[in-house]
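Everything on this sheet refers to the single structure shown next.
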Amino acid sequence: LTTIRELYKNRDSYMDQKVTIGGWVRSIRGSKAFGFIVVNDGTFFEPLQVVYHDKMDNFAEISKLNVGAAVIVTGTLVATPQAKQPFEIQADTVEVEGASAPDYPLQKKRHSFEYLRTIAHLRPRTNTFQAVFRVRSLTAYAIHKFFQERGFVYVHTPLITGSDCEGAGEMFQVTTMDLNNVPKNEDGSVDYSKDFFGKETSLTVSGQLNGETYAQAFRNIYTFGPTFRAENSNTTRHAAEFWMIEPEMAFADLDDNMFVAEAMLKYVINYVLENAPEEMNFFNSFVDKGLLERLHNVVSSDFARVTYTEAVELLEKHNDKFEYKVTWGTDLQTEHERYLTEEVFKRPVFVTDYPKEIKAFYMKLNDDGKTVAAVDCLVPGIGEIIGGSQREDDYNKLKSRMDELGLKEEDYKFYMDLRKYGSTRHAGFGLGFERCVMYLTGMGNIRDVIPFPRTVNNCEL
Ligand code: 4AD
Ligand code: MG
């Protein structure tokens, strides 16, 4: 078998030659003597038309095929200068590998994304989801390529953990205990020493704390793996299971962090524009009309930079437009983030130096004693796509912040050790992979950029 991609990419060497492809029927129409099958084999965004005829032994079987059937086609590739597609296959044989029942849920008409979510196992056979999931795959590859080319070491951080990195209490608990018969201590609290891991454990919300330990050995590392959040946010940009990329760099500060984040996003945009032109054109035509122009502008200009305090001053002037009013000290909501990047700066923007109260315990305290060296990257259409910071590298300052927040030193001993044995200035960030794919494709809902979404009240398949 060859692939439709191969036929498109090296068409000259296959023209007027015998070829064999295997794929799924997208549409079929026939007459008494001949007919046309449009086949997609998933290797290339464009499908291929196959012409079959009544000299074939199984002409009757072919004529009765339904959309969705799997076929193997052998025939001659011929140019079709008059048609929309550059060539077709004049078939000698069409073998039916697997017929498709007449109730196949995907028909030639356009289906809504809502409907397609209910058939997540079949939606990758549609144009939109072929495009989304090829771009998702290429994006993952581009991110690895970006970091590997720069010498970053890929670290696999654990998914089961005993610490809450973000301190937001949004953890899925992991336990082997019988929930109907939970062992208790004398004071009535749960006795985790009887549990599989001998302590309370959960699914990780971030690989950062483990990532930092490897940065203090390899200088530059990154993680790329699944993370889990049990936050009850039923929005278009929150999932309970999502993938995150978390670089961590020793001897780096907040500026270095922004430099790498901006270079990475631009690299990834260029990579998908170059390697998935058919898919990107499709998104630009059918999903988000301004997409290509916007992405081209992003790669050719600098990201904006603003401090949280400046951002709040800008936003306060427009408080009449917001559902949640902004004042210094409040966390920025999606509506504020989007206003900044879409209306004020009209490009990606880094917001830095947030109040320490609304950020995680590990961020480096600034000299003002009120703000921390945090950075969020906001992009049009989404809002926050990256969250990061320079880390507190001073043992005593970190200890006192943890005391303030009631974090127990014994739960973070490994983390404190890093500040004891050769502590360095260091910084890192987390890129939400699904939000990145949304940004690159213009898709408006996180449920449509992850193959099998896990969101509030939804764990199908
Ligand atoms: O801002 P967050 O919570 O930062 C961290 O987890 C840090 N430990 C990262 C670091 O410094 N190494 O999450 C990082 C990014 C967000 O900017 C967002 O893009 C994405 O992860 N994210 C989510 N994506 C989908 N669904 C959710 N529920 C998400 N929560 C965060
Ligand atoms: Mg964040």
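In UniProt numbering, each residue carries its 1-based index in the sequence shown increased by 2.
Heads up, the beta-carbon is just placed ideally off N, CA and C, and yes, glycines get one too.
Coil, strand or helix - residue i by DSSP
i	result
C461	coil
K66	coil
H338	helix
M132	The sequence as given places Gln at residue 132; Met does not occur at that position. Looking at Q132 - three-state DSSP - the assignment turns out to be helix.
M179	coil
G424	coil
I360	helix
A217	helix
S235	coil
C379	strand
Y54	strand
Q210	helix
E172	coil
S303	coil
M365	strand
A265	helix
Q150	helix
N272	helix
P279	helix
D255	coil
E188	coil
F435	helix
S29	strand
L316	helix
P126	helix
Spatially closest choice to residue i from the options, by CA coordinates
i	options	result
W26	F46, F89, V207, N459	F46
K57	V96, N68, D413	V96
L316	K348, D18, V328	V328
residue 481	R152, K34, M173, V451	Residue 481 lies beyond the range of the chain shown here (3 to 463); nothing can be said about it.
L400	G389, Y414, G390, I387	Y414
Q87	L9, D59, A93, E168	L9
R221	D450, V451, G430, V270	G430
N60	E48, F36, L211	F36
E90	L108, P49, Y106, E188	P49
T343	N368, I387, A376	I387
V53	G70, I74, G44	I74
N234	F174, G209, M282, K186	F174
F198	P185, L297, T206, V207	P185
V98	D105, E394, E63	E63
Heavy atom of the ligand 4AD within 7 Å of residue i beta-carbon
i	result
M246	yes
C461	no
R231	yes
Q218	no
G383	no
F431	yes
V27	no
E359	no
G100	no
R239	yes
R449	no
R437	yes
G434	yes
E406	no
E394	no
S165	no
S391	yes
M208	This sequence places Ser at residue 208; Met is not what is there. Within the cutoff, so yes.
E264	no
E168	yes
Interface flag, residue i vs chain C, CB-CB below 8 Å
i	result
E281	This model lacks chain C altogether, as it is built from one protein chain only.
Checklist entry - Around the ligand MG, what residues have a beta-carbon under 7 Å from a heavy atom of it, in chain order? => result D378, E386, G389
Checklist entry - Is the number of C-beta pairs between the region 173-181 and the region 244-254 that are closer than 8 Å three or more? => result no
Next on the checklist: Count Cβ pairs between the region 155-168 and the region 280-299 that sit closer than 8 Å; are there 3 or more?
Outcome noted: no
Item to check | the region 370-377 / the region 312-326 touching (three or more Cβ pairs under 8 Å) | outcome: no
Next on the checklist: Below 8 Å, how does it come out for the region 343-354 and the region 299-318: are there three or more Cβ pairs, yes or no?
Outcome noted: yes
Next on the checklist: Between the region 17-31 and the region 69-87, can you find at least three pairs of beta-carbon atoms closer than 8 Å?
Outcome noted: yes
Next on the checklist: If contact is defined by three or more beta carbon pairs under 8 Å, each pair taking one atom from either stretch, is the region 131-151 in contact with the region 216-230?
Outcome noted: yes
Checklist entry - Does the region 237-245 come within contact of the region 110-124, defined as at least 3 CB pairs closer than 8 Å? => result no
Checklist entry - Are there three or more Cβ pairs, one per stretch, closer than 8 Å when the region 433-448 is compared with the region 267-274? => result yes
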